[in-house]
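Residue numbers (my numbering), protein chains in the order written: chain A, 741 to 1035; chain B, 15 to 207; chain C, 7 to 667; chain D, 29 to 179. Below is one structure, written out as structure tokens; comments come after it.
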Ligand SMILES: Cc1cc2nc3c(=O)[nH]c(=O)nc-3n(C[C@H](O)[C@H](O)[C@H](O)COP(=O)(O)OP(=O)(O)OC[C@H]3O[C@@H](n4cnc5c(N)ncnc54)[C@H](O)[C@@H]3O)c2cc1C
Ligand SMILES: Cc1cc2nc3c(=O)[nH]c(=O)nc-3n(C[C@H](O)[C@H](O)[C@H](O)COP(=O)(O)OP(=O)(O)OC[C@H]3O[C@@H](n4cnc5c(N)ncnc54)[C@H](O)[C@@H]3O)c2cc1C
Ligand code: SF4
Ligand code: SF4
Ligand code: SF4
Ligand code: SF4
Ligand code: SF4
Ligand code: SF4
Ligand code: SF4
Ligand code: SF4
């Protein structure tokens, strides 16, 4: 029995279907479509997400940039709650994932753990939703639902760096590509999968965010992608919301829809674009989707 | 920029960085791979390689006043590619913390301001509240109408929560903030000490 | 007992008269004299005379360090008819008079004790006899690159037989793949081919290509080596190398020799100047082999074609499908290891595309393209579309000086070959602009710095000091992101072709070979020399020598020098009629030995084996030819069953005890 | 005050490095106290704990062992074996009541005449400070002033 409990798939959450769910602040507000589509997908895949009671903000890049104590203490509090709940903690936000998993790493030997309540004893695994779904690819009947859709999978920084918490290779990760292939879409080979989109600077230095996001989108367009798929609300915001302000100084205008990977997965699972809130992005993905007969 | 006094490699800043980040700047052989891949380098007055160099030479003041430590996106591209396996992002983080601890004026006021506003809001509500954050930031940065177009559109698409989040554990969050602040002051005194 | 003054060197400090007096009172000492210069002819004469006159059976010389004159005095003693090992030296110069010049009293007292110590030891000296064993004057050279070729030729030319074992179908190694050589730019094939031919036609050389060393037994002068001759399926005795077979063979595969840039057939010679110029059949790609495998497996479905075209067309009937691997057992007196290197596999660099971009190539691939006999007939073309590249970017230190990729060392030759490539590209096509990203330029060597300067000053190569962070494809261009760290700014270059200077690492399988030979390798798997400065081509295992890049990165001139050096070592060894072994070896007391084999475990030279006694007990057995006399075994043996001649437990304990007499 | 105590020290030196290093000290005419008596062994790995015990049993005030630096052993790995043995021997001597400061292991190469001089001088001083040995199992020195380098 004991050995079974230690089986790797179990640790990665592969063997069980109940998870504590940490949506993170953005998914409750500007990234609601991500939350909604994630929940729909999980439900349909038999993954039970139990929202962590009374979760609070992970501190995001601001806590990290300001105080190393706070940067661990804030996510530490949520880790503590998750440990009490006893299920692996899953989040769809790459920023939250990174903060939580790094905190879980550091709490082992940081004095701050006392601040956050002693969570070092039984820290539950911290996972990104991509990992959870990846562990279930086998049960996702390869379906040709999205045939013809060319997708540029964008992972950004936080899922693949630093190595200690990365879910995949830092230069050419495959987990989202694998999922896209399974649901019939065509993941494009491109070189900007893990470039930085500008992270938390859109208010303070929008120029940097636009410069970086613009390069990423240009490259996605250059490889002929119909859309960019993301797994982080911050990447989405930088690439989608700021698209209108790009071009000009940085070169040509670019128009590439940016969607959450859960929205594409949701389409393949039979949900309608409206159920998945695909109509709520700044750059409308519906024309591209309908031209492929997907919406 | 004043010329470095050599050898001054044991400046308090270098010492703090070594201790806090666990990284030894002396390991850096100035190959420049970090700067070459750094997305923020074009906007930095000192690329990450130069920051490492300045630390080797003990040019502590210069590093604390450069904008690089603020525009660093913590993307970790540098750390993940450094052939000497130096965690440069961690060094940037240590420098930024030291600047804050020392009360060193931030070379990028708006970035520091954003972080401050963000954390204020989280402390108040336990979670981020985008509407309030945007408004506060705009007010305090002196650009009251910045990003108005985006805000309007978000509201129109039903993608912005209008009411602040209600979290029961907010008291605990506030306590964490206070304790973290106290810990920070302690370290600050030691650093200045 | 002879006490030396060494002029005033000793006598100026130590009171010789008192030492002499004290020595006379020591038990067992029957004769004491002093000499002004003991090592001089008269001094030595006085020793010989005294031995005869006083029937001395042991001698102590109290003089300079044994490291100075032990040999001299052993000889003198031997000339007087004594066993040369019945001699001990008390070091009263280096360890006494010279270091205690200001304490004459203390120095004299110490001299007396050192003498007593030597007396205690010498009285327990046993007669030892250096053994002489015969040797096989025949050398084995493993690896047929330029290092092995040079070593083999020099040994053969000094009059000894050599067998060269080369794993591939041809000798030549990496140098055969290189187009021109820095810093003189002479054509590699032009200088290498004559040597390859000379080797293959040398009367004292046996060339075994397509062969590998399977096992090594024995020791210096008497190695027994098993060699596997892999099946070529071609009878080289009758084959004339006419070429019909490889011209007509229908099965084409990527050529390893051309590093995947060109094709060869299933029956092939690696390149036109290959030695021997006779083909082998690559069992994995040959159609007939696949056919046989298919039929043997009993699988259903369509059978692959039988082919056998080579067999039908061969004018001499040399195709031999029955040929099997053969094991040859040969005896050698010495072995030279020259297994060279391979280049680093850059798929470890995700940031450079991990090998996915066709127009990101390695330096060695560029060599093949530039070679007139290479896959592109000497034209440099982009592998993707065959276009002539105009902007070429070189990236140095790929898989070198990169701890993150597990390679901390510098590969030494790439800075030079980059400069060579930049020069040659310009000579091929004046429109080419080369950019070179480097961290430091390593150009130590005669004419090397000048060569690199020429690349920049006369051939216009632009050197940028910085390591490349990322390479990616954008349209038909490759974007190369680097920093010019001298100006302190990130730079981006749109390149047509990117050449990675992939580093050097030891050949595949070198660790297995090293273990078979009982020689060591370092953490990077380079073979370890006996002394990095003074014994650079020897190993800790007597009779096994090294040459070339298997020891560490180096260029052709250095490699050739080492080949010759290793050959000189072999020739010096072979100039002896027999090998004299040091008699100070370990010896087992079979009455005490329990057979625990602890000694065998600690022996660094694997000199201890086991022997089965008549009563069935298995006890330790020292192979004196392998034993180097370190004494590790003696210190390790719990029952004191194994001892070291010349430094026995009894002697050493007596030395200690003598200090309190 | 009585005449200063002159300890008797036994030095076991490996032939290839430390013995040659001691020779080097001589050829360079360096100077160190006369208290040490050097016994030459082929390799530091030849040194049997028995020899050390014997020396102390006879009344040695100190025992110095010197060999090639790790990695430089003429016989490849003899000094590693010694280092292991030395680590085991120290607690044993301690058990016998022999102050561990009386026993030292040093790496001295053939070119380190100066180092040899320093080692012998400092070790002699150290042993002198501890004072004479009473008998095997006698009282131990109360303080152990010098830092003993055990690599
Ligand atoms: C791109 C490039 C360009 C270069 N250009 C120059 C130049 O211009 N000038 C210069 O001086 N140097 C140059 N060099 C360096 C030069 O190639 C080497 O110095 C030289 O080839 C080393 O020769 P070697 O005999 O030691 O090794 P190799 O040439 O590697 O030969 C070793 C041989 O041993 C064989 N072998 C390996 N293992 C076994 C085994 N177990 N059993 C049997 N056989 C085995 C191999 O098949 C091979 O034939 C260049 C190197 C590179 C990579
Ligand atoms: C400061 C310095 C530090 C160094 N450190 C190192 C180091 O740490 N490691 C290392 O590997 N290398 C080192 N080297 C290099 C090393 O010294 C040389 O590689 C080595 O000494 C060369 O030996 P050699 O026999 O070729 O020449 P030399 O040592 O110069 O010997 C030549 C001999 O020939 C004699 N001679 C000259 N002309 C005649 C003549 N016409 N007739 C008769 N005799 C003649 C000279 O008197 C001399 O004794 C160093 C060099 C320097 C300058
Ligand atoms: S990549 Fe690493 S070694 Fe290179 S300059 Fe940057 S910090 Fe230094
Ligand atoms: S972590 Fe900072 S310094 Fe490093 S690459 Fe990213 S932005 Fe540049
Ligand atoms: S034997 Fe040694 S000590 Fe005596 S004279 Fe010769 S060199 Fe000097
Ligand atoms: S056709 Fe026959 S003789 Fe000619 S090269 Fe081939 S095997 Fe040799
Ligand atoms: S049988 Fe056919 S494929 Fe095989 S080597 Fe001969 S010609 Fe080539
Ligand atoms: S020789 Fe030059 S390119 Fe090669 S590893 Fe050394 S420094 Fe780098
Ligand atoms: S250690 Fe001693 S007892 Fe054991 S096998 Fe060797 S010689 Fe015999
Ligand atoms: S003396 Fe050394 S080499 Fe000889 S058998 Fe003993 S351990 Fe082996």
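Note that CB positions come from ideal geometry on N, CA and C, so glycine has one too.
_Close beta carbons around residue 136 of chain C, own chain, < 8 Å, minus the five adjacent residues each side_ = Your numbering for residue 136 of chain C matches position 130 in the third chain. These residues qualify, in order along the chain: 586, 587, 588 and 589.
*Would you kindly work out how many angstroms separate the C-alpha atoms of residue 830 of chain A and residue 1000 of chain A, rounded to a whole number?*
In the first chain, counting from the first residue as 1, residue 830 of chain A sits at position 90. In the first chain, counting from the first residue as 1, residue 1000 of chain A sits at position 260. Their backbone Cα atoms lie some 16 Å apart in a straight line.
_Selection of the stretch 354 to 378 of chain C by Cβ proximity to chain A, strictly under 7 Å_ = 356, 357 and 360
*Whose C-alpha, out of B:156, B:63, B:137 and B:58, is nearest the C-alpha of residue 97 of chain B?*
On the second chain, position 83 is the one that residue 97 of chain B refers to. Comparing Cα-Cα distances from residue 97 of chain B to each of B:156, B:63, B:137 and B:58, the minimum goes to B:63.
*Is there at least one non-hydrogen atom of ligand 8 closer than 7 Å to the beta-carbon of residue 419 of chain C?*
One-based indexing of the third chain puts residue 419 of chain C at position 413. Checking every heavy atom of ligand 8 against the Cβ of residue 419 of chain C, one is found closer than 7 Å.
*So, using beta-carbon positions, are residue 515 of chain C and residue 344 of chain C closer together than 8 Å?*
Residue 515 of chain C sits at position 509 when you count from the first residue of the third chain. Residue 344 of chain C sits at position 338 when you count from the first residue of the third chain. The answer is no: Cβ separation not under 8 Å.
_Nearest residue (CA-CA) to residue 242 of chain C, options C:111, C:232 and C:287_ = Within the third chain, residue 242 of chain C is the residue found at index 236, counting from 1. Cα-wise, what sits closest to residue 242 of chain C is C:287.
_Closer than 7 Å at the beta carbon, the chain B residues around residue 475 of chain C_ = In the third chain, counting from the first residue as 1, residue 475 of chain C sits at position 469. Those within 7 Å of residue 475 of chain C in chain B are 47, 50, 51 and 95.
*Give a single yes or no on whether residue 556 of chain C has its beta carbon closer than 7 Å to a heavy atom of ligand 1.*
The residue you call residue 556 of chain C lines up with position 550 of the third chain. Yes, since a heavy atom of ligand 1 falls inside the 7 Å radius drawn around the Cβ of residue 556 of chain C.
*asked:* Does residue 2 of chain C come out as helix, strand or coil in the three-state DSSP assignment?
replied: Nothing about residue 2 of chain C can be read from this structure; chain C reaches only from 7 to 667.
*Run the proximity test for residue 316 of chain C: is its beta-carbon closer than 7 Å to any non-hydrogen atom belonging to ligand 10?*
Mapped onto the third chain, residue 316 of chain C falls at position 310. In this structure, residue 316 of chain C has its beta carbon at no less than 7 Å from each heavy atom of ligand 10.
*asked:* Could you check whether residue 71 of chain D and residue 638 of chain C sit closer than 8 Å to each other, using their CB atoms as the reference points?
replied: Along the third chain, read from residue 1 onward, the residue named residue 638 of chain C stands at position 632. Along the fourth chain, read from residue 1 onward, the residue named residue 71 of chain D stands at position 43. A contact, by the Cβ cut-off of 8 Å.
*Tell me where the alpha helix (DSSP H) around residue 950 of chain A begins and ends.*
Here residue 950 of chain A is taken as the residue at index 210 of the first chain, counted from 1. Run containing residue 950 of chain A: 946 to 962, per the alpha helix (DSSP H) assignment.
*asked:* Buried or exposed, going by whether 16 or more other CB atoms sit within 10 Å of the CB of residue 249 of chain C?
replied: Indexing the third chain from 1 puts residue 249 of chain C at position 243. Result: exposed.
*At what residues does the alpha helix (DSSP H) containing residue 93 of chain B begin and finish?*
Your numbering for residue 93 of chain B matches position 79 in the second chain. First-last of the alpha helix (DSSP H) with residue 93 of chain B: 91 to 95.
*asked:* Contact defined as beta carbons within less than 8 Å: I believe residue 73 of chain C pairs with residue 100 of chain D. What is the distance between those atoms, to the nearest angstrom?
replied: Taking the first residue of the third chain as position 1, residue 73 of chain C is located at position 67. Taking the first residue of the fourth chain as position 1, residue 100 of chain D is located at position 72. Taking 8 Å as the upper bound for CB-CB distance, residue 73 of chain C and residue 100 of chain D are not in contact here, some 17 Å apart.
*Determine the extent of the alpha helix (DSSP H) in which residue 810 of chain A is found, giving its start and end residues.*
The residue given as residue 810 of chain A occupies position 70 in the first chain. Segment 808 to 825, the alpha helix (DSSP H) holding residue 810 of chain A.
_ligand 10 and residue 608 of chain C: does any heavy atom of the ligand fall closer than 7 Å to the residue's C-beta?_
For the purposes of this step, residue 608 of chain C is taken as the residue at position 602 of the third chain. Because some heavy atom of ligand 10 lies under 7 Å away, the Cβ of residue 608 of chain C counts as near it: yes.
*May I ask you to list, following chain order, the residues of the stretch 137 to 152 of chain B that have a beta carbon less than 9 Å from some beta carbon of chain A?*
139, 140, 141, 142, 143, 144, 145, 147, 148, 151 and 152
_Among the candidates C:400, C:246, C:52 and C:31, whose CA atom is the shortest distance from the CA of residue 484 of chain C?_
To locate residue 484 of chain C, count along the third chain from 1; it is residue 478. Here the closest residue by C-alpha is C:400.
*Rounded C-alpha distance that separates residue 17 of chain C from residue 109 of chain C*: Position 11 of the third chain, counting from 1, holds the residue named residue 17 of chain C. Position 103 of the third chain, counting from 1, holds the residue named residue 109 of chain C. Whole-angstrom Cα-Cα distance: 13 Å.
*Relative to the C-alpha of residue 183 of chain B, which residue among A:817, A:1013, A:880 and A:1034 is closest?*
Taking the first residue of the second chain as 1, we reach residue 183 of chain B at position 169. Answer by Cα proximity: A:817.
*Determine the burial state of residue 172 of chain C: buried for a count of at least 16 other Cβ atoms within 10 Å of its Cβ, exposed for fewer.*
Taking the third chain and counting its residues from 1, the one referred to as residue 172 of chain C is at position 166. Buried.
*For residue 411 of chain C, the first and last residue of its enclosing alpha helix (DSSP H)*: Taking the third chain and counting its residues from 1, the one referred to as residue 411 of chain C is at position 405. No alpha helix (DSSP H) contains residue 411 of chain C, which DSSP labels as neither H nor E.
_Under 8 Å: do the stretch 865 to 874 of chain A and the stretch 947 to 957 of chain A share three or more Cβ pairs, one atom per stretch?_
No: fewer than three Cβ pairs fall under 8 Å.
*Ordered along the chain, which non-local residues of its own chain (more than five positions away) have a Cβ less than 8 Å from that of residue 128 of chain C?*
As a first step, residue 128 of chain C must be located in the third chain, where it is residue number 122. Excluding sequence neighbours, residue 128 of chain C sits near 64, 65, 66, 92, 93 and 94.
_Counting only beta-carbon separations shorter than 8 Å, does residue 546 of chain C have a partner in chain A?_
To locate residue 546 of chain C, count along the third chain from 1; it is residue 540. Output row for residue 546 of chain C: interface = no.
*Check each residue of the stretch 98 to 129 of chain B: if its Cβ is closer than 7 Å to any Cβ of chain C, include it; give the result in chain order.*
Closer than 7 Å at the C-beta level to chain C, one finds these residues of the stretch 98 to 129 of chain B: 98 and 99.
_When you compare the CB of residue 33 of chain B with every CB in chain A, is at least one pair closer than 8 Å?_
Against the second chain, residue 33 of chain B aligns to sequence position 19. So no, residue 33 of chain B is outside the interface.
*Of the residues C:220, C:236 and C:378, the one placed nearest residue 687 of chain C, counting alpha carbons only*: The requested residue 687 of chain C is not part of the displayed model; chain C covers only 7 to 667.
_Proximal residues, the stretch 478 to 494 of chain C versus chain A, C-beta separation under 9 Å_ = 478, 479, 480, 481 and 485
*Is the stretch 1003 to 1019 of chain A touching the stretch 25 to 38 of chain B in the sense that three or more CB pairs, one from each, lie closer than 8 Å?*
The answer is no - the stretch 1003 to 1019 of chain A does not touch the stretch 25 to 38 of chain B, with fewer than three Cβ pairs under 8 Å.
*asked:* Just to confirm the assignment: which complete alpha helix (DSSP H) runs, minimum length 4, are found wholly within the stretch 102 to 183 of chain B?
replied: 102 to 115, 123 to 139, 144 to 155 and 162 to 170
_CA-to-CA distance, residue 268 of chain C to residue 669 of chain C, given in whole angstroms_ = No answer is possible for residue 669 of chain C: the residues shown for chain C start at 7 and end at 667.
*When every heavy atom of ligand 1 is checked, does at least one fall within less than 7 Å of the C-beta of residue 202 of chain C?*
Sequence index remark: in the third chain, residue 202 of chain C carries index 196 (1-based). Incorrect: residue 202 of chain C has no Cβ contact closer than 7 Å to ligand 1.
*Kindly examine ligand 1 and report whether one of its heavy atoms sits closer than 7 Å to the Cβ of residue 373 of chain C.*
Numbered from 1 along the third chain, position 367 holds the residue referred to as residue 373 of chain C. Yes, ligand 1 has a heavy atom inside 7 Å of this Cβ.
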